[in-house]
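One structure below.
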Amino acid sequence: MNTDLLLVLVIVLAVANLALVVRLMARASSNNAERAVRAELRDGREEAAKRSHELREEVSGSLDKTAQTLSTTVGQLGNVQKQQLESVTTQVQALVETNQQRLEGLRATISEQLGEMREANEKKLEEMRRTVDEKLQGTLEKRLGESFQQVREQLDAVHKGLGQMQSL
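Each residue of the sequence shown is one higher than the one before, counting from 5 in the numbering used here.
See the structure below:
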């Protein structure tokens with residue numbers, strides 16, 4: 005019985021030892037799992053921080069490129085606008101000069117035509133004056149002739165009357 009008791013005691017001790025080993029292994033396994041989870045979380049945080057840093061650098065670079073492109077585009081648009089303004093200014097100046105030349109030509113033409121009209125009107129007025137003078141002269145000569153004729157007739161009549169008076 006001693007052996008049986010010893011055997012039972014050895015079995016109980018073996019089971020206790022086995023339980024203790026299992027418990028230690030479970031604890032070790034739990035600690036290992038915890039360490040593994042912590043290591044995985046730490047690795048995840050490090051990876052996230054690394055990716056976040058890379059993303060910030062990429063976004064910063066992209067923003068720099070965009071700002072540079074925008075600045076270049078605005079500069080080019082400013083240059084194009086300046087060139088177009090200069091072109092429009094040149095065209096407006098050319099139009100102003102052309103209009104001034106045309107106006108000067110128009111003034112010269114109008115002045116010339118007014119001079120010609122004035123000369124033509126003066127000629128017509130002179131012609132009308134001559135015609136009126138001729139008609140007045142003709143009428144005056146005719147009336148004077150008629151008046152002299154009447155005076156002569158009257159003088160003849162008076163002379164005749166005097167001659168008759170003398171003969172009496």
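Note that the Cβ used here is the ideal one computed from N, Cα and C, for glycine as well.
On a predicted model such as this, the values are computed, not experimentally measured, just so you know.
Roughly how many angstroms separate the alpha carbons of Arg-39 and Gln-72, rounded to a whole number?
48 angstroms
Alpha carbon of Leu-107 to alpha carbon of Gln-117, nearest angstrom:
15 angstroms
Return the CA-CA distance between Gly-64 and Glu-58, expressed in angstroms with no decimal places.
Rather than Gly, the amino acid found at residue 64 in this sequence is Ser. Taking the straight line joining both Cα atoms gives about 10 angstroms.
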